[in-house]
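Data first, discussion second: the structure below is written as structure tokens.
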Amino acid sequence: MNKVIESSGISRSFGKTRALDNISFYVDEAEVFGFIGPDGAGKTTLFRIITTLLLPDEGEMKVLGLDSTKEYKELRKHIGYMPGRFSLYQDLSVEENLNFYATVFGTTVRENYDLISDIYSHIEPFGKRLAGQLSGGMKQKLALSCALIHKPALLVLDEPTTGVDAVSRSEFWDMLAKLRKHNITIIVSTPYMDEAMKCDRVALIQNGKILDIDSPGKIRDGFSRKLFSVRSSEKFRLITALREHPGTVTAYPFGDSVHVTLINDKAADSLYDYLIAKGIKDVSVQETEAGIEDRFLELMEKGATA
Amino acid sequence: MRTILFLIRKEFLQIFRNKFISKAIFGVPIIQMLILVPAITFEIKDVRLAIIDKDMTPESRGLISKLEGSTFFRVSYSTFSESDANDMLHRNKCNIILNIPSGFGKDITTGNQGKLSAVVNAINSSTAQLSWAYLNGVIGDYNMDQIRKNISYSQITVMPQIQITNRYWYNETLNYKYYMLPGILVILVTAIGFLLAGLNMVREKEVGTIEQINVTPVRKFHFIIAKMVPFLIIGLIDLALGLVIGKLAFNIPFEGSIMLMFFAASIFLVAVLGLALFVSTFSATQQQYMFVAFFCMIIFILMSGIFTPYDSMPMWAQDFNLINPVAYLMRINRMVMLKGSTISDISRELYSLTVLAICFSMFAIRRYRKIA
């Protein structure tokens, strides 16, 4: 299988901030590859290097077999990029934007219509509306249509679902799933852990370093301890009490419960007694399956102490 | 080539969709021409005189009525007190104090030297010098009258006299509007070129659309040319509009070739647009750009020779004007409109403008990076 992206030892600094530190990874053809990490982890910087908008200080970036710093002219013909910020012309209509980007790439909307029809059909009724007047979800569909209109081999999506409602978010991932049949490789970044599960492989990235790269399932299975889900009606006091507990390794809020790891995996019963003794009501402690978020937090914790 | 056309079409779509800009493009030249051309004038009228007449003789009366009779002066105040008159000057109620001491009438009728003194408000030195020169002229006239009165004809004929007749070429009636109008046209074209194009470019940066353009195969020079052409066209349309207003409202003469003027203006616009786009690459926000552009425009316009004669500027200022496109077009416009200069008369200016146009555009293309 061809490697669509091969990154070796990519580093980039802005002043004293090391935005990317020795980043190496590869992406296979027709893969959906996710970069998961908090804000400021370096995702956008990395994507800007992949899309030839930024030069790395060190390292080599091969995209579609082309060097992203030297052969950028050729490369730009084959990349579809959707920046995190909506960056189409707000004062042009939906149709005008789409036509404009098609012509800029030397193609027409009709030529590649089958590729975008699933996505564009949602916003086609609003073709005459100015892009600036669309809702967040519709803007996102238009941006995706414009990024796809020249049938790129690689689609780069920088936080495409940030600031979009939950329904549009899941619709968006369905659309990405459909794009696979066109053999388009997709790299996507997101701060949302639940979206990681929809990628073929993900890279966990923090402070410019890749913590782990694997399929979401394997990353989740890498979780090294037993995880307990602790619930109570008094959540704030519960977290404080758990963090004070001498046997606790980590305690993170997770939805309406708190995910806790312990030094001794068998000490769950004594934890229950400890919380009751602290006077916290309605306590329940259950062993639970770790999610990718738990693994990420664990890796972050290790990275911080290492 | 096709890409440039698509980009230009996009620019025009955006310009005409912007309700304010599309109106301002036609509104600004009309308002600017109608307000600035009649308003900016160095012609001096109605200089207010405060007169201290301590003499009170037919001779001093004669002088005062001679002054009142001229179109330049108006006696706004008469007094016997010097401090009163000084106070009037201080409060800006008069521009000149003319002091006629007692004994003035007696002196000039008895063949002695008559003495006058004048105080001129010189806050604006050129107005002060001009009004002083006018005052001198009137008094000189009066002096001649007195001489004629007091000596016989036979004596006058042997007195050597020089008489000068002059004609003002290129602007017979010394109409100041004819001088200013070509200059105002240059300001108009400069503003269109410098502000609109640069702001447009910075806006793409500010909104982030440039990011999306940069990942496309659009080349640097495609993008820069597509930013220039629409504003070049708009600038020429505004120039035409300004000329029509000049003809209709002020009946401005046009001696030379209109085609030549538009040809020069086109080269000028390329230079100004190139410079504007070059400056825009340094600015991250429209606010920053406005500030720098305003600064540049003020310097270019004031140093261009619109108000002050080019040749009397210090040497370094004349050297600076070698790279000031506004200075070239200022000269070209006035020469072509008032003098009827032909292409060979202004070839030096045209060459220089062409060099500037090429340099500034190259700077803009080089500075505008598609890779950070």
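Chains as they are written, first to last, in numbering that gives the first Met the number 0: chain U, 0 to 305; chain D, 0 to 371. Here a beta-carbon is modelled for each residue, glycine too, at the ideal position from N, C-alpha and C. Treat the numbers as computed from the prediction; the structure is a model and nothing was measured.
- With a threshold of 9 Å between beta carbons, L242 of chain D makes no contact with chain U.
- G33 of chain U is bridged by DSSP to U:V187, U:V201.
- DSSP places S116 of chain U in the uninterrupted alpha helix (DSSP H) bounded by 112-122.
- A276 of chain U counts as exposed, since fewer than 16 other C-beta atoms from the protein chains shown sit within 10 angstroms of its C-beta.
- DSSP places H258 of chain U within a strand segment (E or B) once states are collapsed to three.
- V201 of chain D carries a helical assignment under DSSP once its states are collapsed to helix, strand and coil.
- Linking S124 of chain D to N94 of chain D through their CA atoms gives a straight-line distance of about 12 Å.
- The beta-carbon of G197 of chain D is placed no less than 9 Å from the nearest beta-carbon of chain U.
- By the rule that beta-carbons nearer than 9 Å mark a contact, T51 of chain U touches chain D.
- Rounded to whole angstroms, the gap between the alpha carbons of M137 of chain U and A263 of chain D is 48 Å.
- Taking 8 Å as the upper bound for CB-CB distance, E210 of chain D and L52 of chain U are in contact here, some 7 Å apart.
- Contact between A117 of chain D and L134 of chain D holds, with the beta-carbon distance rounding to 6 Å and staying under 8 Å.
- Under the 8 Å Cβ criterion, the region 275-291 of chain U counts as touching the region 223-235 of chain U, having at least three qualifying pairs.
- When rounded, the separation of the alpha-carbon atoms in S7 of chain U and K208 of chain U is 13 Å.
- Contact of E57 of chain U with chain D is not assigned, every C-beta pair being separated by 9 Å or more.
- The beta carbon of A29 of chain U is closer than 8 Å to those of R179, N182, I183, T184 in its chain, skipping five residues each way along the sequence.
- Here the alpha carbons of N250 of chain D and K338 of chain D stand approximately 16 Å from one another.
- Between the alpha carbons of L352 of chain D and L274 of chain D lies a distance of about 12 Å.
- By alpha-carbon distance to V27 of chain D, the top candidate from D:L187, D:R147, D:T2 is D:L187.
- Of U:A289, U:Y100, U:K15, U:T43, the smallest CA-CA separation from V155 of chain U is found for U:T43.
- Per DSSP, the beta-bridge partners of K2 of chain U are U:D27.
- A distance below 6 Å between beta-carbons, with the five flanking residues on each side excluded, links L296 of chain U to the following residues of its chain, in chain order: Y251.
- Taking 8 Å as the cut-off between beta carbons, the residues of the region 1-27 of chain D near chain U are R1, T2, F5, L6, K9, L12, Q13, R16, N17, in sequence order.
- Its chain contains V108 as the residues whose beta carbon lies nearer than 7 Å to that of N98 of chain U, once the 5 sequence neighbours on both sides are disregarded; these appear in chain order.
- Annotation: the continuous beta strand (DSSP E) that includes I78 of chain U extends over 78-81.
- When the Cα atoms are used, L173 of chain D and S92 of chain U turn out to be separated by approximately 54 Å.
- Under the Cβ distance rule, K42 of chain U does not count among the residues neighbouring chain D, no pair being separated by less than 9 Å.
- Spatial neighbours of N206 of chain U in its own chain (CB-CB distance under 6 Å, excluding positions within 5 residues in sequence) are not present.
- Beta-carbon to beta-carbon, K140 of chain U and H121 of chain U are separated by about 5 Å, close enough to satisfy the 8 Å threshold.
- A straight line joining the alpha-carbon of G136 of chain D with that of N98 of chain D spans about 17 Å.
- For Q13 of chain D, the three-state secondary structure derived from DSSP is helix.
- Of the candidates U:C198, U:D20, U:S12, U:G39, U:G39 places its Cα closest to the Cα of G83 of chain U.
- With respect to I236 of chain D, F222 of chain D sits apart: the two C-beta atoms are not nearer than 9 Å.
- Taking 9 Å as the cut-off, the beta carbon of I305 of chain D is found no closer than this to the beta carbon of G192 of chain D.
- Here the C-alpha atom of N142 of chain D lies approximately 12 Å from the C-alpha atom of F103 of chain D.
- For L210 of chain U, the enclosing beta strand (DSSP E) has its first and last residue at 208-213.
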